[in-house]
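Asks:
Number of protein chains: 2
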Amino acid sequence: MVPSRRPTVLDVAKAARVGASTVSRCLRGGPYVSPEVRQRIMDAVHSLGYEPDEVARSLRGGRSRSIGVIFPQIANPYFSRCVQEIELEATRQGSSVILLTHQEDPDRQSKQLAVLRRSRADGVILAAAPNSDMEKLRRELGTMPIVALDRPLWDDADVVMLDHRHAARQATLHLVQHGIQQIACVTANPSIYSFQQRIHGYQQAMQEAGLKSRVIAASDYISLQTEIANALRSKHPPRALFALSSMATVSAMQAIRNVQPDNPSEIAFIGFDDVDLATLVQPPMTVMVQPTDLMARESVRLLFKRVGSSDPFPVQRIELGAMLIRRNSCGCV
Amino acid sequence: MVPSRRPTVLDVAKAARVGASTVSRCLRGGPYVSPEVRQRIMDAVHSLGYEPDEVARSLRGGRSRSIGVIFPQIANPYFSRCVQEIELEATRQGSSVILLTHQEDPDRQSKQLAVLRRSRADGVILAAAPNSDMEKLRRELGTMPIVALDRPLWDDADVVMLDHRHAARQATLHLVQHGIQQIACVTANPSIYSFQQRIHGYQQAMQEAGLKSRVIAASDYISLQTEIANALRSKHPPRALFALSSMATVSAMQAIRNVQPDNPSEIAFIGFDDVDLATLVQPPMTVMVQPTDLMARESVRLLFKRVGSSDPFPVQRIELGAMLIRRNSCGCV
DNA sequence: TTGTAAGCGTTATCAG
DNA sequence: CTGATAACGCTTACAA
């Protein structure tokens, strides 16, 4: 009878009347196996339903065929798309994904890194929490290669991200070209790198245009909305809003609707990251979209290149451009 | 000097001048360790920076402290929220999440299950692909406990899901109560269980009301939109649309806009799952929302209960209710 | 209370 | 070409 426990190489070896190492060699496509023996082994494998045990493999070999992904959170159009694409690419490469979130908290991030170290992840893709202690983080990585996504780490760490500054500058300039002068920028938690850079890009564009910048920030959805509404009702209200994330986009749209229910197009608008119904609000929303899939895929590929080759190649810092999808909220017709 | 390789129990044992098993016992909070020895061990652990190796632990102990999550896809408001909540709860329970997608393809699903088996996942949370061969799936699980999410498996498998039928029936009835008679239901791929059930719920409500049902289905975003537009332009167009998913929601809204750009509120509308800008389209969108976080959390808890206790307790089939968020698109004022 | 030794399932090494 | 054997790092009997 078939033993109730999972069959091991030894069971296969016994059934095929060969040694364990021959089974191993055969299974991993190694040479030095006579066709005849190979046949016997394969038969045994199938009849026993043998499958190699990844855990034992990892212990023996060092490689765990899994990569860690640590993101701030997942329920957000940008990160969820990244996760999807990473999963697809990792599966293609025969690795699995251990998914962890740090919720923008460096301490939680440390814990999650420890999880990956202890489970011997082959590498890490990380969108780091703000105020991370980089020296510490570097140590916490141990020997795991890392690729930063969306937010860079230190100088000689691979990173794949948007050219946040440039993207924000372009969006702002677009608004300027529509002849608008009072342009405010609205953002969630500005201690986050990507938002910081976008703020800089916005400010730079405003300065170039000789305009005064105005940043509206708040860390949660609701208070951001209130802040924006206040600004809109103030003495000198902004005539255009540039939202730096999908969360800020929703807050801003909400605020506009509350303050200006009858004529929302009075206030020009550009959002960041495409949201579900962007085409269906009135006026249809102009947005900066990131090449999310590309970024995610590249980060995985880069990571696997690091994992694969022990001799290091030059650091890669990939900064991709965003695309402005012009609909009508910006003032375009 | 500290060895360059990661320290092991043996290094700690040596440094603390005790046996390896004492270190192990001490670290896992076992009894039978004198305070004095414990101190020496702890010191050694800290000075060496020792961390137990999960891989070795799994190999020895059977438990891998990781659970597998197989979803159709992730870039979707419903599943991404589920993933987020599952990650949070799993982390709380000291396990990590291996995230996999099957893209509604049973073959890919089989492969992903194999991944989990081979990496000895402690359990699986699965939203199964349509047309899965349940007998096969059951075998493919091996000894891993499973909890079905969103879509059930076989009779004696735990499941946490929406009462899809009831939810759809309620939404439909709500439309009926507004005095509308021509109500069409629009859905993506109707071979998916949850959509099937929602269709049944819709049909049941229509029948109860003595009305004729009409289901508009297509498997991709674009063709669904075309189908809907055609229906809307037909001889006897529906006067209300009930979309069964967020994807269908977007298609439907798009179609309404294309056909009826000036007066979108001519066509009543209820969507499924809250989308980003649901409050901001005109008229604000009425939607059925699922208790996503609760469902995700419960599925993890249930799974861990199964993993923890070897003696089986009764099968749990948890069906939660959805909530109708009444805004204005349904006809409410 | 503590230490020794035997695995867990694989694979690399190195003799046959 | 093939097969013992020794790790990989940990835990769990079983002895001491």
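Chains as they are written, first to last, in this note's numbering: chain A, 1 to 333; chain B, 334 to 666.
Positions of the beta carbon are idealized from the N, C-alpha and C atoms, including for glycine.
Relative to the C-alpha of Arg407(B), which residue among Ser399(B), Thr434(B), Ser391(B) is closest?
Replies: Contrary to the premise, residue 407(B) reads as Ile rather than Arg in this sequence. Ranking Ser399(B), Thr434(B), Ser391(B) by Cα distance to Ile407(B) puts Thr434(B) first.
Asks: Can you list, in chain order, the residues of its chain with a C-beta nearer than 6 Å to that of Tyr50(A)? Leave out the 5 residues immediately preceding and following it.
Replies: Answer for Tyr50(A): Pro7, Val12, listed in chain order.
Asks: Val307(A) and Ala90(A): beta carbons closer than 9 Å?
Replies: For Val307(A) and Ala90(A), no; Cβs fall outside 9 Å.
Asks: My parser needs the alpha helix (DSSP H) runs of 4 or more residues fully inside the stretch 531–605 of chain B; what are they?
Replies: Runs found: 554–566, 579–592.
Asks: Please check if any C-beta of chain A sits within less than 9 Å of the C-beta of Asp386(B).
Replies: Cβ-Cβ to chain A under 9 Å: yes for Asp386(B).
Asks: Among the residues of its own chain, which have a CB less than 6 Å from the CB of Trp487(B), if the five just before and after it don't count?
Replies: For Trp487(B), where only same-chain residues beyond five positions count, the Cβ hits under 6 Å are Met467.
Asks: Can you name, in chain order, every residue of its own chain whose Cβ lies under 6 Å from the Cβ of Asn591(B), other than the five neighbours on each side?
Replies: So the list reads Ala562, once near-sequence residues are dropped.
Asks: Given a cut-off of 9 Å on the beta-carbon distance, is the pair Ile400(B) and Leu557(B) in contact?
Replies: No, Cβ-Cβ distance for Ile400(B) and Leu557(B) is not below 9 Å.
Asks: Can you tell me which residues form a DSSP beta bridge with Gly654(B)?
Replies: Its beta-bridge partners do not exist; DSSP assigns none.
Asks: Run the CB neighbour count on Gly352(B), radius 10 Å, all protein chains shown included, and call it buried at 16 or more, exposed below.
Replies: Gly352(B) comes out exposed.
Asks: So Ala243(A) and Ala252(A) are in contact, right, with Cβ under 8 Å, and what is the actual spacing, rounded?
Replies: Confirmed, Cβ separation roughly 5 Å.
Asks: By a C-beta neighbour count over all protein chains shown, 10 Å radius and 16 as the cutoff for buried, is Gly362(B) buried or exposed?
Replies: Exposed, since its Cβ has fewer than 16 Cβ neighbours within 10 Å.
Asks: Determine the direct distance from the alpha carbon of Pro439(B) to that of Lys212(A), and round the result to whole angstroms.
Replies: Their backbone Cα atoms lie some 57 Å apart in a straight line.
Asks: Rounded to a whole number of angstroms, what is the C-alpha to C-alpha distance between Thr22(A) and Pro31(A)?
Replies: Whole-angstrom Cα-Cα distance: 10 Å.
Asks: Between the stretch 148–163 of chain A and the stretch 174–184 of chain A, can you find at least three pairs of beta-carbon atoms closer than 8 Å?
Replies: The stretch 174–184 of chain A vs the stretch 148–163 of chain A: no contact.
Asks: Any chance the stretch 470–479 of chain B sits against the stretch 115–129 of chain A, with 3 or more Cβ pairs inside 8 Å?
Replies: Touching, no, given that fewer than three Cβ pairs across the two stretches are closer than 8 Å.
Asks: Considering just the uninterrupted stretch of the beta strand (DSSP E) at Asp491(B), what are its terminal residues?
Replies: Element bounds for Asp491(B): 491–495.
Asks: With a threshold of 8 Å, are at least 3 pairs of Cβ atoms found where one atom belongs to the stretch 648–666 of chain B and the other to the stretch 440–457 of chain B?
Replies: Flag = no, the stretch 648–666 of chain B and the stretch 440–457 of chain B do not touch.
Asks: Given a cut-off of 9 Å on the beta-carbon distance, is the pair Ser194(A) and His164(A) in contact?
Replies: Cβ distance < 9 Å, so Ser194(A) and His164(A) count as in contact.
Asks: Counting contacts by CB-CB distance shorter than 9 Å, is Asp276(A) in contact with chain B?
Replies: Yes, because at least one Cβ of chain B sits closer than 9 Å to the Cβ of Asp276(A).
Asks: Give the residues from the stretch 448–470 of chain B that approach chain A closer than 8 Å (Cβ to any Cβ), ordered along the chain.
Replies: Correct list: Val448, Arg450, Arg451, Ser452, Arg453.
Asks: Mind checking which residues open and close the alpha helix (DSSP H) that includes Ala296(A)?
Replies: Its alpha helix (DSSP H) spans residues 292–308.
Asks: Within the continuous beta strand (DSSP E) that includes Gly179(A), where are the two ends?
Replies: Gly179(A) -> no beta strand (DSSP E), and no H or E assigned at all.
Asks: I'd like to know if the stretch 619–628 of chain B and the stretch 409–423 of chain B are in contact, where contact means that at least 3 CB-CB pairs between them fall below 8 Å.
Replies: Because the criterion of three Cβ pairs below 8 Å is met, the stretch 619–628 of chain B and the stretch 409–423 of chain B touch.
Asks: Taking only beta-carbon positions, decide if Ala56(A) is within less than 9 Å of chain B.
Replies: True, the Cβ-Cβ gap to chain B drops below 9 Å.
Asks: Provide the residue span of the alpha helix (DSSP H) that contains Val23(A), from first to last.
Replies: Run containing Val23(A): 20–27, per the alpha helix (DSSP H) assignment.
Asks: Using DSSP with H/G/I as helix, E/B as strand and the rest coil, what is Leu432(B)?
Replies: Leu432(B): strand per DSSP, three-state reduction.
Asks: What number of angstroms, rounded off, separates the C-alpha of Asp158(A) from the C-alpha of Cys330(A)?
Replies: If I take the Cα positions, the gap works out to 35 Å.
Asks: Would Pro340(B) count as contacting chain A if we go by Cβ distances under 9 Å?
Replies: So no, Pro340(B) is outside the interface.
Asks: Looking at Thr505(B) and Ile549(B), is the spacing between their C-beta atoms short of 9 Å?
Replies: No; because the gap between Cβ atoms is not below 9 Å, this pair is not in contact.
Asks: Reducing DSSP to helix, strand and coil, say where Val614(B) ends up.
Replies: Of the three classes helix, strand and coil, the one that applies to Val614(B) here is coil, per DSSP.
Asks: Output, in chain order, the set of chain A residues within a Cβ distance shorter than 8 Å of Leu565(B).
Replies: Those within 8 Å of Leu565(B) in chain A number zero; the least Cβ separation is about 15 Å.
Asks: Per the DSSP calculation, Ile41(A) is bridged to which residue(s)?
Replies: Note: Ile41(A) sits in no beta bridge, so no partner.
Asks: Under a CB-based cut-off of 9 Å, is Gln177(A) close to chain B?
Replies: It does not: the Cβ of Gln177(A) has no partner Cβ on chain B nearer than 9 Å.
Asks: What did DSSP end up calling Met621(B) once you bin it into helix, strand or coil?
Replies: Strand, per DSSP.
Asks: Who are Ala148(A)'s beta bridge partners in DSSP?
Replies: DSSP lists Leu126(A), Val159(A) as partners of Ala148(A).
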